[in-house]
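For reference, each letter of the sequence shown is one residue, going 26 to 353 in the numbering used here. C-beta: ideal position from N, C-alpha, C; glycine also. For reference, the structure discussed in these notes is given below.
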Amino acid sequence: MTPLKPSRRHFVVGSLALATSAATGVSWAQAGKTIKLLVGFPAGGGTDAIARVLAEHLKNELGANIVVENKVGAGGQLAAQALKAATPDGLTLFLSHDHSISILPQTIKTPGYDPAKDFVPVVGFASFVAAMAVSGGTPVKDYKDYVAWLRGAGQGKGAVGIPAPASTPEFLVKALGQKHALDLVPVPYRGSAPMMADMLGNQIAAGVGSVPDFIDNHRSGKIKVVAVGGIKRQGVLPDVPTFHELGVQGFEEVPYYGVFAPTGTPRAFIDSFSAAMAKVLDKREVRARMLAMGLTPGYMSPEQLGQRERDYTAAWARIIKSSGFSPQ
């Protein structure tokens, strides 16, 4: 699976969809309602930051008030359950990455929702990659140095923070341990923000999350990103090798971000919101902000996001099965 590539044609299609919905008399903003954008992780984390940037610009495009609501817990599970329970009137949406949509339902016995049945894709807007970082309190300079440090000072053991259990970061930590014959223990947090707080306070030596989670503190020198996912190096981290380069296989798939609505949400609203997002992604300042955060912006229609979800879910089904992981 390759990263999303921005397409001018997609932006044009989105704009046409917006014009079509306006022509049919659909005006959700005129109803004087507020659109609630659910986020399953704490304020201050990468997903929250992305949601707030987009909400501000979508507000202007739609002429509606958009409120970001952080419904934190269980790696996005609570936010997903809240979406399922919401009235399908276009006033409650869920901004999520792949974990809550494609992975978590396969790693928990009773997640309380089925994305394929309970949700409808609205719009996809970016891809990103996983990353590993070490805290400033370690003497580590790069990934190979980290492995050597664990074998020496760590006596072959180490704790690694992850934003949520049964997630890409947890599987990656286990793969790293197997690759280097190290006893690495994934330590789950309630999102990337509290994990980052412990890394900055030198309470934990390393963490695995995403590039958007780490990039600001990496730039300031407070932590150091030592490896990234995907098949090629990231533009914001050109000197950081990929796990693939380092011989850690299986994490070349590129995760995605999207917006979802409860099943039964009117198609007219979905088309309107999707088209508004296309216009937002076409704004130079938005694209620059997303690129600086370590995202690759790229519009996906509802149909394209739905296909991406199915493909990614199937890919993770294979990873989970081969790992021997049993749903918890």
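Original post:
So, helix, strand or coil for residue 174, using DSSP?
Top reply: helix
**OP:** Measure the C-alpha to C-alpha separation of residue 341 and residue 106 and round it to an integer number of angstroms.
**Re:** 21 Å
Subject >> Complete alpha helix (DSSP H) runs within the segment 90-174 (minimum length 4 residues, chain order) >> reply: 102-110, 129-132 and 140-143
Original post:
For residue 296, does the count of other Cβ atoms within 10 angstroms reach 16, so buried, or fall short, so exposed?
Top reply: buried
Original post:
Does the Cβ-Cβ distance between residue 186 and residue 67 come in under 9 Å?
Top reply: no
**OP:** Assuming residue 267 and residue 279 form a contact by the criterion Cβ under 8 Å, report the distance between their Cβ atoms to the nearest whole angstrom.
**Re:** Their Cβ separation, rounded to whole angstroms, is 11 Å, which puts residue 267 and residue 279 out of contact at 8 Å.
Original post:
What beta strand (DSSP E) runs, 3 residues minimum, are completely inside the segment 275-335?
Top reply: 281-287 and 321-325
**OP:** Grab me the residues of residue 260's own chain with a C-beta within less than 6 Å of its C-beta, minus the 5 sequence neighbours each way, in chain order.
**Re:** none
Original post:
In or out: residue 264 buried (at least 16 other Cβ within 10 Å) or exposed?
Top reply: Counting of Cβ neighbours within 10 angstroms places residue 264 among the exposed residues, the total staying below 16.
**OP:** Within its chain, find whatever has a CB closer than 8 Å to the CB of residue 151; leave out the 5 residues flanking it on each side and keep chain order.
**Re:** Answer for residue 151: 29, 75, 281, 282, 315, 320, 321, 322 and 323, listed in chain order.
**OP:** Note down the Cα distance separating residue 35 from residue 136, rounded to an integer number of angstroms.
**Re:** Low per-residue confidence applies at residue 35: pLDDT is 44, beneath 50, and the placement is therefore not dependable, though the value from the model is reported in the following sentence. The straight-line gap from Cα to Cα measures roughly 33 Å.
Original post:
Any idea what DSSP makes of residue 56, helix, strand or coil?
Top reply: Its pLDDT being 46, under 50, residue 56 is placed unreliably by the model, and the measurement read from it follows with that caveat. Note: residue 56 maps to helix in three-state DSSP.
Original post:
Can you tell me whether DSSP reads residue 198 as helix, strand or coil?
Top reply: In the displayed model, residue 198 falls within a helix according to three-state DSSP.
Original post:
Around the C-beta of residue 238, are 16 or more other C-beta atoms found within 10 angstroms, so that it is buried, or is it exposed?
Top reply: buried
Subject >> Residues bridged to residue 353 (per DSSP) >> reply: For residue 353, which the question treats as bridged, DSSP gives no partner whatsoever.
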